[in-house]
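A.B. asks: Chains as they are written, first to last, in full-length UniProt numbering: chain A, 1 to 206; chain B, 1 to 206; chain C, 1 to 206. A virtual CB, placed ideally from N, CA and C, is assigned to each residue, including glycine. Take this structure first; my questions come after.
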Amino acid sequence: MLTTVYIIAITAEAMSGALSAGRRQMDMFGVVLIAFITALGGGTVRDVLLGNFPVNWTQHPPYIYLTMLAGLLTVLLARYMHHLQQVFLVLDALGLIAFTIIGCNVALELDYGLPVVVMSGVITGIFGGILRDILCNQTPQVLQKELYASVSILVAALYLILVHFNVSHDLTLLAAFSSGLALRLAAIRWKLSLPVFYYSPERWQS
Amino acid sequence: MLTTVYIIAITAEAMSGALSAGRRQMDMFGVVLIAFITALGGGTVRDVLLGNFPVNWTQHPPYIYLTMLAGLLTVLLARYMHHLQQVFLVLDALGLIAFTIIGCNVALELDYGLPVVVMSGVITGIFGGILRDILCNQTPQVLQKELYASVSILVAALYLILVHFNVSHDLTLLAAFSSGLALRLAAIRWKLSLPVFYYSPERWQS
Amino acid sequence: MLTTVYIIAITAEAMSGALSAGRRQMDMFGVVLIAFITALGGGTVRDVLLGNFPVNWTQHPPYIYLTMLAGLLTVLLARYMHHLQQVFLVLDALGLIAFTIIGCNVALELDYGLPVVVMSGVITGIFGGILRDILCNQTPQVLQKELYASVSILVAALYLILVHFNVSHDLTLLAAFSSGLALRLAAIRWKLSLPVFYYSPERWQS
């Protein structure tokens with residue numbers, strides 16, 4: 001089941017990357033590259049940081065092709081994309097949760113300590129989007145908008161607790177996905193966000 | 001021959017990096033750093049992604065010194081650089097082709113699959129320029145302008161086909177360089193580019 | 001002693017990162033992430049480039065927690081931070097020197113050549129700040145402002161010379177820290193900087 005959600009997720013992430021490329025009026029190569037990096041960049045950063053070679057996608061050509069094709073498909077469907085906004089928010093949330101759980105598992109198998117396991121999950125979840133925003137020359141949105149990384153952290157924590165107590169695999173995934181999805185959609189619906197730090201030296205100097 | 005072209009290429013790339021640093025009014029350290037990263041950054045990203053340690057330039061100090069000196073030299077020659085623009089376009093194209101072939105060879109020797117071999121060539125060819133643009137806080141030009149990454153992809157494909165059919169090494173290089181150079185220069189001359197994806201939700205919503 | 005200075009340094013760097021996040025009005029997660037990356041990003045880039053796995057901080061959870069807490073603490077103390085500007089400049093200079101020496105030692109132990117050892121020191125010293133600036137979507141300040149990377153280079157050179165001549169460890173550290181600190185503070189006080197390269201093709205074309 002995690003693999004199915006993963007495949008849906010990298011497709012949705014690739015399409016979101018392609019739209020960002022289109023906002024910067026990139027050419028078809030830029031669209032394909034940003035789609036690929038948005039979808040598979042989080043896992044790449046994780047594998048490189050954890051010294052987990054070979055990097056995952058280098059062993060799975062179908063994932064490479066899938067993200068690139070999804071990028072190109074997005075160009076064809078561009079004029080209908082805004083009708084699908086709601087669908088995308090759900091797919092993106094599912095992707096965030098799947099990426100987080102997969103990232104935790106990779107670090108667990110490499111015997112990293114608990115904080116690194118959580119960070120591995122969060123990095124897998126959010127760094128594709130961060131790389132997309134860096135390449136599109138904008139401040140990473142995940143650091144400014146509604147609860148997103150927080151969802152990843154809570155999903156990682158819940159997942160690790162349930163795994164620790166030997167809860168069955170299916171129940172663990174069900175709990176992680178349902179609570180993660182609920183929190184993320186609630187955050188979008190009611191614009192829930194972490195407190196923002198607005199620093200301006202002039203505010204206090206004057 | 002490939003080594004000679006490689007040395008010319010990293011020099012030309014370093015000089016292009018130094019000019020970008022100068023456009024951002026960086027100091028001499030910035031010039032040297034951006035020159036180094038523009039010239040050797042593509043190979044670095046490739047080696048890190050492929051887990052190919054030690055990273056190439058760490059074993060070749062002369063390449064480090066060469067790129068840094070080329071950066072400093074660019075400052076001295078700055079006022080004459082725009083006369084050399086045509087020369088640079090040719091050197092840059094030669095560099096793109098040499099980087100691509102070298103990148104393919106590195107991945108081939110590490111027994112990566114075909115799509116990763118092509119990507120290794122393209123990454124080696126274009127990521128120096130992408131890192132340069134990120135550090136100079138601008139959207140990567142390679143994703144927006146005339147055929148560039150496309151030349152890298154076609155050169156990689158042609159190279160791998162000729163290698164596959166055991167065509168002699170010299171003939172393979174000749175074919176790759178002549179067709180790559182012809183395509184790149186034609187792209188500049190007639191402003192050939194891939195279709196651009198211009199995405200603006202408002203275009204279809206209103 | 002180096003460890004003590006290192007701990008003070010990563011705290012100070014984390015706080016500088018948090019202030020940058022605040023200038024971009026990031027949320028608490030953004031503050032924590034930028035604090036972490038500013039403090040530990042230089043060492044991370046070094047470890048990845050040198051193939052030195054596992055990356056240092058993955059084996060030292062206290063450093064992870066310290067930098068994240070320092071980021072959050074900065075939010076609480078924000079309105080007093082500009083009073084502490086002088087203190088921070090000194091702590092930041094101490095950090096730059098400690099990072100440089102630690103970075104040289106890591107590369108020395110891995111038997112890299114001399115130029116790579118110096119670069120390892122400089123990368124450890126300055127790349128946390130460069131990653132901070134990239135994530136905050138601004139041109140890296142270290143490439144434009146008063147002597148900073150230069151201090152790192154000179155400290156690395158002095159350190160390696162003294163180590164080469166078997167000068168006692170304590171004396172070596174004393175010399176590196178006092179000369180590095182003196183140079184950095186003099187650079188701030190008298191606005192010493194490297195020559196700037198201002199490149200504008202139009203300057204010479206018209």
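Identify the residues that DSSP records as bridge partners of V163(B): which are they?
C.D. replies: In the second sequence, counting from the first residue as 1, residue 163(B) sits at position 163. Answer is none; V163(B) lacks a bridge partner.
A.B. asks: How do the segment 59–78 of chain A and the segment 123–130 of chain B stand: do at least 3 beta-carbon pairs fall below 8 Å, yes or no?
C.D. replies: As far as the Cβ criterion goes, the segment 59–78 of chain A does not touch the segment 123–130 of chain B, which means the pair count is below three.
A.B. asks: Using the Cβ count rule (16 or more neighbours within 10 Å means buried), how would you classify Y80(C)?
C.D. replies: Counting from one through the third sequence, the residue named residue 80(C) turns up at place 80. Exposed, since its Cβ has fewer than 16 Cβ neighbours within 10 Å.
A.B. asks: Using a Cβ cut-off of 8 Å (strictly closer), state whether P115(C) contacts chain A.
C.D. replies: Residue numbering aside, residue 115(C) sits at position 115 when the third sequence is read from its first letter. So no, P115(C) is outside the interface.
A.B. asks: Taking buried to mean at least 16 other C-beta atoms within 10 Å of its own C-beta, is Y148(C) buried or exposed?
C.D. replies: Translated into positions along the third sequence, residue 148(C) becomes position 148. Its Cβ being crowded by 16 or more others within 10 Å, Y148(C) is buried.
A.B. asks: Helix, strand or coil: how does DSSP classify D170(A) here?
C.D. replies: What you label residue 170(A) is simply residue 170 of the first sequence in a count that begins at 1. Correct three-state label for D170(A): helix.
A.B. asks: Leaving aside the five residues before and after V116(B) along the sequence, list all residues of the same chain whose C-beta is less than 6 Å from its C-beta, in chain order.
C.D. replies: Your numbering for residue 116(B) matches position 116 in the second sequence. Closer than 6 Å at the Cβ level, and outside the excluded window around V116(B), lie A107.
A.B. asks: In the DSSP output, which residue or residues are listed as bridge partners for D111(B)?
C.D. replies: The residue you call residue 111(B) lines up with position 111 of the second sequence. Per DSSP, none; premise fails for D111(B).
A.B. asks: If you count every other CB in all the chains shown that lies within 10 Å of the CB of P140(C), and 16 or more means buried, which is it?
C.D. replies: Here the question's residue 140(C) lines up with position 140 in the third sequence. So P140(C) ends up on the buried side.
A.B. asks: What residues from chain B crowd round T139(C), counting only those whose CB sits closer than 7 Å?
C.D. replies: On the third sequence, residue 139(C) is found 139 positions in, with the first residue counted as 1. Under the 7 Å cutoff, chain B gives R24, C136, N137.
A.B. asks: Taking its Cβ as the centre, do 16 or more other Cβ atoms sit within 10 Å of S152(A), making it buried, or is it exposed?
C.D. replies: As a position in the first sequence, residue 152(A) is number 152, starting the count at 1. By the 10 Å Cβ count, S152(A) comes out buried.
A.B. asks: Can you have a look at M1(B) and say buried or exposed, based on whether 16 or more other CB atoms are within 10 angstroms of its CB?
C.D. replies: Mapped onto the second sequence, residue 1(B) falls at position 1. With fewer than 16 Cβ atoms within 10 Å of its Cβ, M1(B) is classed as exposed.
A.B. asks: Excluding the five sequence neighbours on either side, which residues of its own chain have a C-beta within less than 6 Å of the C-beta of S206(C), listed in chain order?
C.D. replies: Within the third sequence, the letter at position 206 stands for residue 206(C). Any answer about S206(C) is weak, because its pLDDT of 47 lies below 50 and its placement is not dependable; what the coordinates show is given next. Result list for S206(C): empty, nothing under 6 Å.
A.B. asks: Using a cut-off of 7 Å between C-beta atoms, extract the partners of S150(C) located in chain B.
C.D. replies: Stepping through the third sequence from its first residue, residue 150(C) is reached at position 150. Here the neighbours are F29.
A.B. asks: Out of V196(B), S150(B), W57(B), T172(B), state which residue places its alpha-carbon closest to the alpha-carbon of A93(B).
C.D. replies: Position 93 of the second sequence, counted from the start, is the residue given in the question as residue 93(B). Comparing Cα positions, the closest option is S150(B).
A.B. asks: What are the complete alpha helix (DSSP H) segments, minimum 4 residues, inside the segment 14–74 of chain C?
C.D. replies: The segment 14–74 of chain C contains these whole alpha helix (DSSP H) runs: 28–49.
A.B. asks: From the beta carbon of F197(B), is the nearest beta carbon of chain A less than 8 Å away?
C.D. replies: One-based indexing of the second sequence puts residue 197(B) at position 197. So, interface residue.
A.B. asks: Is any beta-carbon of chain C found at less than 8 Å from that of S20(A)?
C.D. replies: As a working mapping, residue 20(A) is identified with position 20 in the first sequence. Chain C, which has no Cβ nearer than 8 Å to the Cβ of S20(A), makes this no.
A.B. asks: Whole angstroms is fine: what's the gap from A18(B)'s alpha carbon to P195(C)'s?
C.D. replies: Reading the second sequence from its first residue, position 18 is the one you call residue 18(B). Reading the third sequence from its first residue, position 195 is the one you call residue 195(C). A18(B) and P195(C): Cα-Cα distance of roughly 14 Å.
A.B. asks: Between L114(C) and the rest of its own chain, which residues show a CB-CB distance below 8 Å, the 5 nearest in sequence each way excluded?
C.D. replies: Within the third sequence, numbered from 1, the residue matching residue 114(C) stands at position 114. If we look at L114(C) and ignore the five residues flanking it on each side, its Cβ neighbours are L160.
A.B. asks: From this set, R189(C), A39(C), G22(C), which residue's C-alpha is nearest A98(C)'s C-alpha?
C.D. replies: Along the third sequence, read from residue 1 onward, the residue named residue 98(C) stands at position 98. Nearest of R189(C), A39(C), G22(C) to A98(C), Cα basis: A39(C).
A.B. asks: Rounded to a whole number of angstroms, what is the C-alpha to C-alpha distance between Q144(C) and D170(A)?
C.D. replies: For the purposes of this step, residue 144(C) is identified with residue 144 of the third sequence, where counting begins at 1. For the purposes of this step, residue 170(A) is identified with residue 170 of the first sequence, where counting begins at 1. Straight-line Cα distance between these residues: approximately 54 Å.
A.B. asks: Assuming Y198(B) and G22(A) are in contact, meaning their beta carbons sit under 8 Å apart, how far apart are those beta carbons, in whole angstroms?
C.D. replies: Position 198 of the second sequence, counting from 1, holds the residue named residue 198(B). Position 22 of the first sequence, counting from 1, holds the residue named residue 22(A). That pair is a contact at about 6 Å.
A.B. asks: Check whether the Cβ atoms of I34(C) and R132(C) sit closer than 8 Å, and answer yes or no.
C.D. replies: Numbered from its first residue, the third sequence carries residue 34(C) at position 34. Numbered from its first residue, the third sequence carries residue 132(C) at position 132. Yes, they are a contact pair.
A.B. asks: Return yes when at least one heavy atom of the ligand COA lies under 7 Å from the C-beta of A9(B), else no.
C.D. replies: No copy of the ligand COA occurs in the structure displayed, which carries no ligand at all.
A.B. asks: What residues from the UniProt domain "Glycine transporter" (5–78) of chain B come within 8 Å of chain A, judged by C-beta to C-beta, listed N to C?
C.D. replies: Answer set for the UniProt domain "Glycine transporter" (5–78) of chain B: V48, L49, L50, G51.
A.B. asks: Whole angstroms are fine: how far does the CA of A187(C) sit from the CA of Q85(C)?
C.D. replies: As a first step, residue 85(C) is located in the third sequence; it is residue number 85 there, counting from the start. As a first step, residue 187(C) is located in the third sequence; it is residue number 187 there, counting from the start. Between Q85(C) and A187(C), the C-alpha separation is close to 16 Å.
A.B. asks: Taking a cut of 8 Å between CB atoms, which residues from the segment 82–93 of chain C lie near chain B?
C.D. replies: Within the segment 82–93 of chain C, no residue has a Cβ that lies closer than 8 Å to any Cβ of chain B.
A.B. asks: Whose CA, out of I8(C), S20(C), F29(C), lies closest to the CA of V142(A)?
C.D. replies: If you number the first sequence from 1, residue 142(A) lands on position 142. When each option's Cα is compared against that of V142(A), the closest is F29(C).
A.B. asks: Determine the direct distance from the alpha carbon of L91(A) to that of residue 208(A), and round the result to whole angstroms.
C.D. replies: Because chain A spans 1 through 206 in this model, residue 208(A) falls outside it and cannot be assessed.
A.B. asks: Quick check: is the beta carbon of L131(B) nearer than 8 Å to any beta carbon in chain A?
C.D. replies: Locating residue 131(B) in the second sequence gives position 131, where the first residue counts as 1. It does not; no Cβ of chain A falls within 8 Å.
A.B. asks: By the 10 Å Cβ neighbour count, where 16 or more other Cβ atoms means buried, how is F36(A) classified, buried or exposed?
C.D. replies: For the purposes of this step, residue 36(A) is taken as residue 36 along the first sequence, with counting starting at 1. F36(A) is buried by the Cβ-count criterion.
A.B. asks: Quick one: grab the DSSP three-state call for F197(B).
C.D. replies: As a working mapping, residue 197(B) is identified with position 197 in the second sequence. Looking at F197(B) - three-state DSSP - the assignment turns out to be coil, as it is neither helix nor strand.
A.B. asks: Does the beta-carbon of F177(A) have 16 or more other beta-carbons within 10 angstroms, so that it is buried, or is it exposed?
C.D. replies: As a first step, residue 177(A) is located in the first sequence; it is residue number 177 there, counting from the start. Its Cβ being crowded by 16 or more others within 10 Å, F177(A) is buried.
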